[in-house]
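Q: Each residue of the sequence shown is one higher than the one before, starting from 2 at the first, in the working numbering. Every residue, glycine too, gets a C-beta built ideally from N, C-alpha and C. Since the structure is predicted, the reported quantities are computational estimates derived from the model, not experimental observations.
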Amino acid sequence: MADGANIQIKDPGPAVISGDFTVTDADGNVMEGLNPIIAICRCGKSQTQPFCDGSHSK
Ligand code: FES
2 MADGANIQIK DPGPAVISGD FTVTDADGNV MEGLNPIIAI CRCGKSQTQP FCDGSHSK
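#1: Quick one: what's N36 bridged to in DSSP?
#2: Between G20 and the rest of its own chain, which residues show a CB-CB distance below 7 Å, the 5 nearest in sequence each way excluded?
#3: If you draw a straight line from the C-alpha of C44 to the C-alpha of N30, how long is it?
#4: Tell me the residue span of the beta strand (DSSP E) that contains Q9.
#5: Do you know how far the Cα of G34 is from the Cα of P15?
Okay, here's the thing in structure tokens:
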């Protein structure tokens, strides 16, 4: 695996991101205080967008 971020697609489920990454919001601001491993919702059902809250499994 290369250095940097790794993105693992769960099917069904989120995109799990680990490694060295930053996330910016819709205004381009860096989101601070994120966990070192995050899950980005791919299904659109999460109530905590852009993060997965497990709703994809319902
Ligand atoms: S992928 Fe998990 S709630 Fe959307």
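A: Looking at the atomic coordinates:
#1: Per DSSP, none; premise fails for N36.
#2: G5, A6, N7
#3: 24 Å
#4: 7–10
#5: 20 Å
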